[in-house]
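See below for the structure under consideration.
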Amino acid sequence: MNFKLTEEQELIRKNMREFAAKHVDPIAVEIDENSRHPAELFQKLAEGDWLGMPIPIEYGGAGADYLTHIIAVEELSRSCASTGFTVSIHVGIASMPILLFGNEDQKKKYLVPLAKGQNLGAFVLTEPGAGTDVMAATSTAVLDGNEYVINGTKTFTSNGPTGGTYLVFAWTDKAAGRKGMSAFVVPREAPGMRAGEHFKKMGLRSSQTSEMIFKDCRIPKENILGQEGAGMAMAMTGFDHGRVGIAAQSVGILQAALDESIRYSKERVQFGAPIARQQAISWMIANMATDLSAARWLTYHAAWLKDQKQPFSKEASMAKLFAAEAAMRHTVKAVQIQGGYGYIKGAKVERLLRDAKITEIYEGTSEAQRMVISGNVLR
Amino acid sequence: MPTIIACFKWVVDEAYIRRGSSGELDFSSVDFKISEYDRNAIEEAVRLKEAHGGKVIAVTVGLPGATKGIKDALSRGCDEAVFVADASFENLEPSQTAEILAAVLRSRIPDFDLIVCGEGSGDLYAQQVGARLAEHLAIPCVSFVQKLGMDGGTLTADRKVEQYTEITSLPLPALVTVLPEINSPRIPGVKDTLTASRKPVATVKKDELPAVGEPRLRTIGLAAPRMDRTCEKFGADDAEVTRFADALRKKGVIR
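First to last, the sequence lines map onto chains S and B. Read in numbering that gives the first Met the number 0, the first sequence has 36 at position 37, and its numbers run on one by one without any break. Read in numbering that gives the first Met the number 0, the second sequence has 98 at position 99, and its numbers run on one by one without any break.
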């Protein structure tokens, strides 16, 4: 067993920490308050190759392993969970399926600009009536000559208003059940596709989320990813990758909650001593540090399995489930430790608490993760 | 095409030093980093290369475990590195480090044009290595440099001296020690870090060097500074405000 990161991974973590302190921390409160997508920040992320880390160099990426990407998402999320998430979704769930299932032409045309950060990727599956129950989706794609025609309404699409390349899932043969869904790469300029208004959310506010409306959206038939009917399996593979990213985002939130709790409890004096000396507080921090460590190693293990080319679906779900629930549990405590000061807008813990909640919901709710895990262990 | 040497020291990252219960320093879980001002030295060397061509060779003297530091330096734009490593190099004195660097440069890179060092290291900040190295090599040395320019065989270096700026001009080869305001070091991109280990690194062992002089300093003890804080509360009425002003006067804060 070897729990040591490589020297490159350690350096990349430090570099991302420095990047986040220099470019993300100063704007994190503002982009949250204004629900603003910081395009200028993503330009800088692209320049540092942070938007295509695990994509091979020949496809415009940095050629890092998945674990290295995960460490960067964690460090970025420690400063701003919205930014960390946008990177995670762009890489893990939007770009990775094109790398894994796309043909050479699709990779050259769509993956290279994604990996270089020239545009953002989005994963377009959820519908108003189809969340965890993916089979309830109703969007369709019908072949008409040399084009597929997509119709339907999608929702909660992250990077919807700001995306450039959309991975869209629709039925090509509803009667075929799970084998009837297909995946398509749809460029922003495709006629008939439109992003709705950016939703105003409780947390994760600078990440842009919207409906995606497809009205006779026509795309060339070569934009299908793999074969007709392979979409569902691709979506699940996308989720496996994406969930490790959400776990990393949750770990970043947890680390920030711990950083904030340690800092505040050592400074805040009540009853003549720093509150860190009160057992009520120090035990909260002990629990936080313990769950952080557990969440981090579950996450790194899932990423490591992926890098070893071993199955990691169950481990990705476990990491995401545990890290997300721990982030929720402990950001509540982090606000409690800071009392009234932690409840005021602009306090970092207040933002962490609002940002943590979504990690239990998207890319599979905690309940959906338990379905995946129990399905694996009860087999 | 100039050959520029950037010297750096791989030092303990002070953020990881803990204070033990009796004031002793706990180094048990420290990480290391390129000394802050040496990052400016590397950055300046790389910027000069980007403007004038040539190459940058990073040189460090340290423990054999400092391989991460070499990769860090190479990821910042240096083209090659010379790593002078030995297990006995943990607490070298500035005079010893300067001797070693001089021997390595004389034997391995005698045709250098410019040496850039940080003004002082992040741990000792003795400001000795640069000046001593220049003396060993018998080349001009300018310290406290906040701006550098290179034109053919001539270097211009702006020195920060108290509230003045001294503008100096000197022939190459030369050595400068730089201040942090000279530049803002780049944050290496992911590819820069991942490809750093493909760049050439020459490792020099202790037995390839002439014997180094004996240490002249002895560390007797190392302890965290103690900062005593007192807290006195004052009220808001006139008498209390007078008492507050008196207290400040007594402490010499106001006159």
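Glycine included, each C-beta is placed from N, C-alpha and C at the ideal position. Model, not experiment: these values are computed from the prediction.
Within the same chain, F155, T208 and S209 come within 8 Å of S:F198 by CB-CB distance, once the 5 residues on both sides are set aside. Of all residues in the region 180–199 of chain B, the ones placed with a Cβ closer than 7 Å to any Cβ belonging to chain S are I186, P187, G188, V189, K190, T192 and L193, in chain order. When C-beta distances to chain S are compared with 8 Å, the residues of the region 56–79 of chain B below that value are T66, K67, K70, D71 and S74, in chain order. Rounded to the nearest whole angstrom, the C-alpha separation of S:V148 and S:G228 is 16 Å. According to the DSSP secondary-structure assignment, S:D143 is paired through a beta bridge with S:E146. The beta carbons of S:M95 and S:G237 sit closer together than 8 Å.
For S:F18, the C-beta contacts it makes with chain B under 7 Å involve I186, in order along the chain. Along the region 220–280 of chain S, the beta strand (DSSP E) does not occur as any fully enclosed run of 3 or more residues. Spatial neighbours of S:E266 in its own chain (CB-CB distance under 8 Å, excluding positions within 5 residues in sequence) are listed in chain order as P273.
Shown here for S:I343: same chain residues with a beta carbon closer than 8 Å to its own, the five before and five after excluded, namely E349 in chain order. Taking 8 Å as the cut-off, the Cβ atoms of S:R77 and S:G202 do not count as close. Not flagged as an interface residue toward chain B: S:W303, since no C-beta distance is shorter than 8 Å. For S:E46, a Cβ of chain B is located within less than 8 Å of the residue's own Cβ. Listed along the chain, the chain B residues whose CB falls inside 7 Å of the CB of S:E73 amount to none; the nearest CB is some 15 Å away. By the neighbour-count criterion, in which a residue is buried when 16 or more other Cβ atoms sit within 10 angstroms of its Cβ, S:N102 is exposed. Under the criterion of beta carbons closer than 8 Å, B:I114 and B:L132 qualify as touching, at roughly 7 Å. In the same chain as S:I372, and ignoring 5 residues on each side of it, the C-beta atoms closer than 8 Å to its own belong to K313, S316, M317 and L320, in chain order.
Relative to the Cα of S:E29, the nearest Cα in the group S:L50, S:K308, S:K347 and S:L124 belongs to S:K347. B:L147 and B:M226 have their alpha carbons spaced roughly 39 Å apart.
Taken through DSSP and simplified to helix, strand or coil, S:Y165 comes out as strand. Here S:I92 is buried. Its C-beta has 16 or more other C-beta atoms within 10 Å. Residue environment: S:W303 is assigned as buried (16 or more neighbouring CB atoms within 10 Å of its CB, all protein chains considered). Of the residues assessed, S:M370 falls on the exposed side of the cut-off, its CB having fewer than 16 other CB atoms within 10 angstroms. Contact note: S:N14 reaches chain B through I186, P187 and T192, using a C-beta cutoff of 7 Å and chain order.
When 7 Å is used as the limit between beta carbons, S:G62 is near these residues of chain B: L193, in chain order. Per the DSSP secondary-structure output, B:P187 pairs with nothing in a beta bridge.
Residue environment for S:W170: buried (at least 16 other C-beta atoms within 10 angstroms of its C-beta).
Inter-residue distance for S:K305 and S:I245 is about 15 Å (C-alpha atoms, whole angstroms).
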